[in-house]
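Using the numbering used here, read the sequence shown as starting at 882 and increasing by one per residue. Here's the structure we're looking at; comments come further down.
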Amino acid sequence: MKKIMMSIAAALVALSMAAFAFAAGSFSGKVVKVDGEKVTVKAEKVPAWVKKGAHVQASGGMPTVVEVKGDEVVLKFGKAKAAKIKTDSSMTISESAGDALQGC
882 MKKIMMSIAA ALVALSMAAF AFAAGSFSGK VVKVDGEKVT VKAEKVPAWV
932 KKGAHVQASG GMPTVVEVKG DEVVLKFGKA KAAKIKTDSS MTISESAGDA
982 LQGC
């Protein structure tokens, strides 16, 4: 019985991970400007799901999209996270899963 429960749990975990991988889109770009908390990333093509006000996942954080203009996306990070980002570095931006912790 224990083996069956463990195999079912493993199957559910694998299924949920696969669903997350297919649901979340991502794209890569080059950091062209860091201005305080705002980081501008230039990509070849910005996906349609990237919209002003959306939360995304990038560089280990969850910045907010401040502006989308053509092939450039402006993200607002926290001060500490933005200070670690360097111009001319590459960045992968992923669609947020929406399960970020809220509050303290």
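The beta-carbon is built from N, C-alpha and C at its ideal position, and this holds for glycine as well.
### Message
Going by DSSP, what residue range makes up the beta strand (DSSP E) through K967?
### Response
Locating residue 967 in the sequence shown gives position 86, counting from the first residue. It is not in any beta strand (DSSP E) - K967 carries neither H nor E in the DSSP assignment.
### Query
Considering D916, what are the terminal residues of the beta strand (DSSP E) in which it resides?
Locating residue 916 in the sequence shown gives position 35, counting from the first residue. Run containing D916: 907–916, per the beta strand (DSSP E) assignment.
### Query
Looking at the unbroken beta strand (DSSP E) that takes in A939, where does it start and where does it end?
Reading the sequence shown from its first residue, position 58 is the one you call residue 939. First-last of the beta strand (DSSP E) with A939: 937–939.
### Query
So is A900 buried or exposed if we call it buried at 16+ other beta carbons inside 10 Å?
Your numbering for residue 900 matches position 19 in the sequence shown. In this prediction, A900 has a pLDDT of 49, which is less than 50 and means its spatial position is unreliable; what the coordinates show is noted afterwards. Exposed.
### Message
Count Cβ pairs between the region 916–925 and the region 885–893 that sit closer than 8 Å; are there 3 or more?
### Response
Segment contact: the region 916–925 against the region 885–893, fewer than three CB-CB distances shorter than 8 Å; contact not assigned.
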